[in-house]
Amino acid sequence: MSARGRVAVLDVMPEASREVISSIFGADFDLAFAEGDSPEAKAETARGAVGLLTMWGAVTAESMAASAECRVVQKLGIGTDKIDTKAAQDRGIAVLKAAGINAEAVAELAVLLALSVGRNLPRAIEAARAGEAVKEELRAVSLGLLGRTVGLVGFGHIGRATAARFRAFGAEIVYYDVYRPSAEVEAELGARYLDLPELLALADVVSLHVPAADRPVLDKEAFAAMKPGAIVVNTARGSLIDEEALAEAIRGGTVFGAGLDVTAVEPLPADSPLLGLDRVVLTPHVGGAVANNFPRVIERAYRNVCAVLDGTEVSPGDVVVAPPAGGGL
36 MSARGRVAVL DVMPEASREV ISSIFGADFD LAFAEGDSPE AKAETARGAV
86 GLLTMWGAVT AESMAASAEC RVVQKLGIGT DKIDTKAAQD RGIAVLKAAG
136 INAEAVAELA VLLALSVGRN LPRAIEAARA GEAVKEELRA VSLGLLGRTV
186 GLVGFGHIGR ATAARFRAFG AEIVYYDVYR PSAEVEAELG ARYLDLPELL
236 ALADVVSLHV PAADRPVLDK EAFAAMKPGA IVVNTARGSL IDEEALAEAI
286 RGGTVFGAGL DVTAVEPLPA DSPLLGLDRV VLTPHVGGAV ANNFPRVIER
336 AYRNVCAVLD GTEVSPGDVV VAPPAGGGL
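When we follow this note's numbering, the leftmost residue of the sequence shown carries the number 36, and every step to the right adds one.
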């Protein structure tokens with residue numbers, strides 16, 4: 036057994052991802068990888084672990100209780116809504132994320148989705164494969180980004196990375212966030228603050244970059260308040276959009292279309308009203324999933340886990356539930 040103990044990976048990982056994790060954690064920790072997604076499989080994998088790693092799955096009180104030695108749960112990303120943080124706090128277990136680690140990858144996808152919707156990419160690909168000449172058909176119903184106004188709801192790590200990329204396409208950037216950054220940050224990104232109703236009325240593209248919410252940010256009233264013909268992009272969390280209202284707004288022409296990497300239920304159910312709409316581009320929650328970023332994610336996780344076990348400082352931006360006072364093992 037490794038002197039540092041056991042670290043359990045609670046998601047079923049492909050071999051390539053296991054190799055990356057092993058190359059970074061393997062010299063100091065014994066690693067256990069979940070072989071199934073059931074609560075029982077996760078609890079068995081967690082047994083005896085000092086640290087739990089999770090990418091997309093839930094980390095329940097039962098998983099934490101499976102190991103009396105557990106000191107830290109590390110999210111391999113930023114969204115911690117599937118981690119039972121109360122149970123962790125009750126058990127004295129730190130919960131950490133990797134703030135900003137996927138910002139560039141998610142920002143790239145946000146721009147890709149906006150372009151895919153605006154340029155009718157699914158129809159263009161279909162036509163090219165079928166040998167159809169559709170240039171003029173698509174010209175009449177396609178929109179570019181040059182000179183358009185992009186409204187970012189949320190201006191943290193991902194929102195700012197997204198602003199820089201949309202700006203490179205010649206778009207004007209406006210944003211809303213409950214925490215307004217300095218004038219220097221706004222000037223650097225060429226971004227202008229608006230309150231949310233103003234943003235919705237002005238933006239040609241509305242892109243969401245805020246945490247999960249108890250109620251949708253974009254509901255029937257919000258879609259009605261949007262600039263007619265706007266494009267909606269969501270790479271954050273599915274709970275931010277009322278999907279029935281979105282489908283209705285697209286069918287009625289209020290919203291031009293939507294690019295969605297996340298949905299309220301994942302995978303999207305077969306009876307979802309979004310599936311029958313040509314101007315909805317869907318990806319399966321892959322915003323941060325790029326191979327060349329994954330080692331950075333795991334290196335951050337390794338540093339955080341070691342810091343908790345050693346009783347040393349963790350970057351405040353990564354702390355969701357703080358380690359108990361007095362720290363290490």
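Note that the Cβ used here is the ideal one computed from N, Cα and C, for glycine as well.
The shortest C-alpha to C-alpha distance from residue 316 to any of 223, 160, 216, 255 is the one to 160.
If the five residues before and after residue 272 are omitted, its C-beta is found closer than 6 Å to the C-beta atoms of 247, 297, all from its own chain and listed in chain order. At least 9 Å separates the beta-carbon of residue 68 from that of residue 94. Counting along the chain, residue 170 sits inside the alpha helix (DSSP H) bounded by residues 170-174. Between residue 87 and residue 347, the alpha-carbon positions lie close to 18 Å from each other. Counting only runs of at least 4 residues, the region 280-346 fully encloses the following alpha helix (DSSP H) elements, listed from N- to C-terminal order: 329-345.
Within the DSSP bridge table, the entry for residue 241 names 186, 267 as partners. In this structure, the straight-line span from the alpha carbon of residue 122 to that of residue 96 is close to 5 Å. If the five residues before and after residue 42 are omitted, its C-beta is found closer than 8 Å to the C-beta atoms of 60, 64, 65, 66, 67, 84, 85, 86, 87, 88, 340, all from its own chain and listed in chain order. Contiguous alpha helix (DSSP H) elements confined to the region 65-136 occur at 74-81, 96-100, 120-126, taking only those with 4 or more residues. For residue 209, the enclosing beta strand (DSSP E) has its first and last residue at 207-211. In this structure, 125 is the residue among 125, 228, 267 with its C-alpha nearest to the C-alpha of residue 105. Between residue 323 and residue 140 a beta carbon distance of about 5 Å is seen, short of the 8 Å cut, so the two are scored as contacting.
Residue 181 carries a coil assignment under DSSP once its states are collapsed to helix, strand and coil. Going by DSSP, residue 356 is part of the beta strand (DSSP E) stretching over 354-356. Looking from the CA of residue 210, the closest CA among 235, 356, 203, 219 belongs to 235. Within its own chain, the residues whose Cβ lies closer than 7 Å to the Cβ of residue 177, once the five positions on either side in sequence are excluded, are 153, 154, 155, listed in chain order. Taken through DSSP and simplified to helix, strand or coil, residue 41 comes out as strand.
Around the beta-carbon of residue 358, 16 or more other beta-carbon atoms lie within 10 Å, marking it buried.
Boundaries for residue 360: no beta strand (DSSP E) harbours it, and the DSSP string shows neither H nor E there. Within the model, the alpha-carbon separation for residue 262 versus residue 217 is close to 28 Å. Of 205, 40, 70, the smallest CA-CA separation from residue 50 is found for 70. Excluding its 5 nearest sequence neighbours in each direction, residue 99 has C-beta neighbours in its own chain below 8 Å: 81, 87, 105, 108, 119, 122, 123, 126, 128, listed in chain order.
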